[in-house]
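Just so we're aligned: the sequence shown equals residues 20 to 636 in the working numbering.
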Amino acid sequence: MKTALATVTLSGTLREKFEAAAKAGFQGVEIFENDLTQFDGSPKDVRRMAQDLGLEIIALQPFRDMEGMPEPMRSQKAKMLQHKIDVAHELGTNRLLFCSNVQPYSSADRDVCAADLFALAEIAKKEGIMLGYEALAWGYHIADYHEAWDLVKRVDHPNLGIILDTFHMFSRGNTLDVLRDDIPLNKIALVQVADAPSLQMDVLQYSRHFRCFPGQGDMPVVEFLQVLKDKGFDDYLSHEIFNDEFRSSSPLEKAIDGMRSLIWLDDQTVSKREEKTAPIQAPQVKDVEFLEFAIEGESGEALTNTLAQLGFEETHRHRSKNVSLMRQGNINLILNREPKSQAHEHFQKHGVSVCAMAFSSDDVKATLSLAERYLVERFDNQAGPGELNIPAVRGIGDSLVYLVSADAAVRFFDVDFKPVQGIQGEAGVGLTRFDHIGQTVSNTDFLSATFFYKSLFGFDIDASQDLPDIHGLVVSRTALSKDKRVRIPLNMTNARGASAQRFIQKSKGSGVHQIAFACDDIFAAAKNIDSEKQLPIPQNYYRDIEARFGLSSDLIKKLQSHNIMYDQNDEGEFFHFYTEEVHGVFFEVVQRVGDYSRYGEVNAFVRLASQARQEKK
20 MKTALATVTL
30 SGTLREKFEA
40 AAKAGFQGVE
50 IFENDLTQFD
60 GSPKDVRRMA
70 QDLGLEIIAL
80 QPFRDMEGMP
90 EPMRSQKAKM
100 LQHKIDVAHE
110 LGTNRLLFCS
120 NVQPYSSADR
130 DVCAADLFAL
140 AEIAKKEGIM
150 LGYEALAWGY
160 HIADYHEAWD
170 LVKRVDHPNL
180 GIILDTFHMF
190 SRGNTLDVLR
200 DDIPLNKIAL
210 VQVADAPSLQ
220 MDVLQYSRHF
230 RCFPGQGDMP
240 VVEFLQVLKD
250 KGFDDYLSHE
260 IFNDEFRSSS
270 PLEKAIDGMR
280 SLIWLDDQTV
290 SKREEKTAPI
300 QAPQVKDVEF
310 LEFAIEGESG
320 EALTNTLAQL
330 GFEETHRHRS
340 KNVSLMRQGN
350 INLILNREPK
360 SQAHEHFQKH
370 GVSVCAMAFS
380 SDDVKATLSL
390 AERYLVERFD
400 NQAGPGELNI
410 PAVRGIGDSL
420 VYLVSADAAV
430 RFFDVDFKPV
440 QGIQGEAGVG
450 LTRFDHIGQT
460 VSNTDFLSAT
470 FFYKSLFGFD
480 IDASQDLPDI
490 HGLVVSRTAL
500 SKDKRVRIPL
510 NMTNARGASA
520 QRFIQKSKGS
530 GVHQIAFACD
540 DIFAAAKNID
550 SEKQLPIPQN
560 YYRDIEARFG
570 LSSDLIKKLQ
580 SHNIMYDQND
590 EGEFFHFYTE
600 EVHGVFFEVV
610 QRVGDYSRYG
620 EVNAFVRLAS
630 QARQEKK
């Protein structure tokens, strides 16, 4: 598979875009005409710059409203094409891309349009240029790719082919039937792959602002590539992404994201030319092994006090480092005060914070191999003599993700830690395991973060939800392991005052802000929490759920006395309460009854408002 991207995908100058594409491993670039027009140099300079970086310029695009135009516009389009062919020669490319006409005064007569494109293809033939024709999803007469294919077939010229753009295809609800059954390989001029979340909105606005890399959205891009591979396709796959966040991000970071997405997309499909007989699957993540906090001196006292009231005890101390372990049930919380460590570096930048999490995996070696393939950076841990060297990769923000074997005969703390005499840490207040771990990310990192979990760990990604904050909407998507034992809600906002933005400001970057523990008896778990450490819930909330669910007055009193919130659906019931925020992190205790699998999202607006009030105190 050959990889390329259109320069419109990235931010920066044309040189910065080329350099980012080359460093990320792309082989080719499409030149978006605006980037060339504003470049301070000749097309030959652009060609040399690409060659110096090992990039092929695979196309110049886009040219608009070429077919079905009245005179004298029709003649002017032919003259323009000749000028652009001259530019293409200087750039060293032999492909020019056309979009379907969007003008209301253009002709709807397919024969007229076919005659126009034939005449243009004749000009291209003399110059050794291939023309590609693309159906824009908002084209005036031709908006679907099967309509574009009908026109290309009518023209029947060797120098005119069809452009297949997944966004334009799937945003219109097109199926793959025409591609599968009718379009031969030699008539495909170029393939552009883009994804997008499922949204109901004007298609032009959808296209201009919400496209994303394959695997970051909800379109059937895997099925699309599989159909192409079944046909024997082996030409360039190129990104053409219009996205506000991409254009305000580091070009290198987004180029790496784009390359990762194409490698992942290739891995999800097979072809007769490949040795693999099935899609490459990420090894299964079994559970969260531990969370690690970066603290220093007495800075984490408020944190440890809250954890103590939640029933956690210091059960183990590291044999050679200033690191301790608090346990309860199957929950492991590491407190790292070691001065020469990644945790110390994290503390210096972010203060008291979660600096790492660890997943137990059924194949650590395969996960690390996949991380290398997907351009995920490894972290080399400095283990001392006789200590476990737990492998890790760079995670969200500045955090790490450690990987431990799910089949290990001993736990990580059995080797590097020694027990504190007389402390078991098993009972506590009945907390059993991590239920979910919420991470807040910037709007520019939101898609990257979800795809990190999807590609490297094989997590499923829930549909986006809008959580109403009193200062603006928070968008949330949850990454879930296949068996749903590991749940990672990811939150972001574009509103300056909303809670997600406040967490980022406090923590000076993306990171864990919410840690939810599961229990079997939430009322027992809530008994030890001092009232000042609980997140207070308004009385009006309890009046509302009493009326909405028909709860007994006795249950309402029990819930209210501990600031416990409640939800129910057809699957079961959900009880949960929150602690106050400590160093940008808050804790949640949940009890799931029956098969309830959600997160009490209906209560989020009350929680967010209460946290905002606490912030002002």
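The C-beta atom is built at its ideal place from N, Cα and C for all residues, glycine as well. In this text, all values refer to a predicted model and were calculated from it rather than measured experimentally.
- Within the same chain, Cβ atoms closer than 7 Å to the Cβ of alanine 385 are found at Pro302, the five residues on either side in sequence being excluded.
- Counting only unbroken stretches of 3 or more residues, the beta strand (DSSP E) elements lying wholly within the segment 557 to 625 are 584 to 588, 591 to 597, 605 to 613, in sequence order.
- Within the segment 297 to 367, complete beta strand (DSSP E) segments of at least 3 residues are found at 304 to 313, 332 to 337, 342 to 347, 350 to 355, given in chain order.
- Take the alpha-carbon of isoleucine 541 and the one of glycine 591: they are about 15 Å apart.
- Taking the CA atoms as reference points, isoleucine 76 sits about 14 Å from glutamate 259.
- For threonine 497, the enclosing beta strand (DSSP E) begins and ends at 491 to 499.
- Selection Asp254, Gly319, Thr497 evaluated against aspartate 485 yields Thr497 as nearest (Cα-Cα).
- Across the set Gln328, Val121, Phe605, Cys538, the C-alpha of Val121 shows the shortest separation from the C-alpha of leucine 223.
- Uninterrupted beta strand (DSSP E) stretches at least 3 residues long and entirely within the segment 119 to 164 occur at 149 to 153, given in chain order.
- Taken in chain order, the complete alpha helix (DSSP H) segments of 4 or more residues contained in the segment 190 to 271 are 196 to 200, 222 to 229, 240 to 249.
- By the Cβ criterion, the segment 367 to 378 is in contact with the segment 519 to 536, since at least three pairs of Cβ atoms, one from each stretch, lie closer than 8 Å.
- Taking the CA atoms as reference points, lysine 42 sits about 7 Å from leucine 271.
- Here arginine 521 carries a helix assignment [DSSP, helix/strand/coil].
- With respect to the C-alpha of proline 123, the residue from Lys144, Phe117, Ile161, Ala140 having the closest C-alpha is Ile161.
- One thing to note: alanine 25 has its Cβ no nearer than 9 Å to the Cβ of phenylalanine 58.
- Contact check for phenylalanine 252 against leucine 204 passes: the beta carbons are separated by less than 9 Å.
- Apart from the 5 residues on each side of it in sequence, glutamine 347 sits with its Cβ closer than 7 Å to the Cβ of Gly330, Phe331, Gly444, Gly447, Leu450 in its chain, given in chain order.
- Taking 9 Å as the cut-off, the beta carbon of leucine 139 is found no closer than this to the beta carbon of isoleucine 182.
- Cα atoms of phenylalanine 471 and leucine 100: separation of roughly 42 Å, rounded to the nearest angstrom.
- The residue among Asp589, Val608, Arg292 with its C-alpha nearest the C-alpha of alanine 545 is Val608.
- A distance below 8 Å between beta-carbons, with the five flanking residues on each side excluded, links valine 106 to the following residues of its chain, in chain order: Leu55, Pro62, Leu79.
- Taking proline 81 as the centre and dropping the five residues before and after it, the same chain places the C-beta of Phe51, Glu52, Leu116, Phe117, Cys118, Glu153 closer than 8 Å to its C-beta, in chain order.
- If you draw a 10 Å sphere on the C-beta of glutamate 308, you find 16 or more other C-beta atoms in it, and that means buried.
- Shown here, leucine 116 sits in a strand according to DSSP, grouped into three states.
- The way I'd put it, the segment 627 to 635 does touch the segment 596 to 605; three or more beta-carbon pairs between them come closer than 8 Å.
- One Cα belongs to phenylalanine 431, the other to histidine 337, and the distance between them is close to 11 Å.
- A direct Cα-to-Cα measurement between phenylalanine 265 and phenylalanine 465 gives close to 11 Å.
- Here proline 62 carries a helix assignment [DSSP, helix/strand/coil].
- If you keep only unbroken alpha helix (DSSP H) runs of at least 4 residues inside the segment 385 to 448, you get 432 to 435.
- Distance from leucine 198 to valine 241 at the Cβ level is roughly 14 Å; contact not present, criterion being Cβ atoms closer than 8 Å.
- At the C-beta level, valine 625 and isoleucine 583 stay beyond 9 Å of one another.
- The residue among Ala215, Ile104, Asp435 with its C-alpha nearest the C-alpha of alanine 482 is Ala215.
- As far as DSSP is concerned, alanine 482 takes part in no beta bridge.
- Between asparagine 510 and the set Lys340, Thr334, Ile456, the nearest pair of CA atoms involves Ile456.
- One alpha carbon belongs to isoleucine 207, the other to leucine 244, and they sit about 13 Å apart.
- Rounded to whole angstroms, the separation of the alpha carbons of isoleucine 507 and tyrosine 618 is 11 Å.
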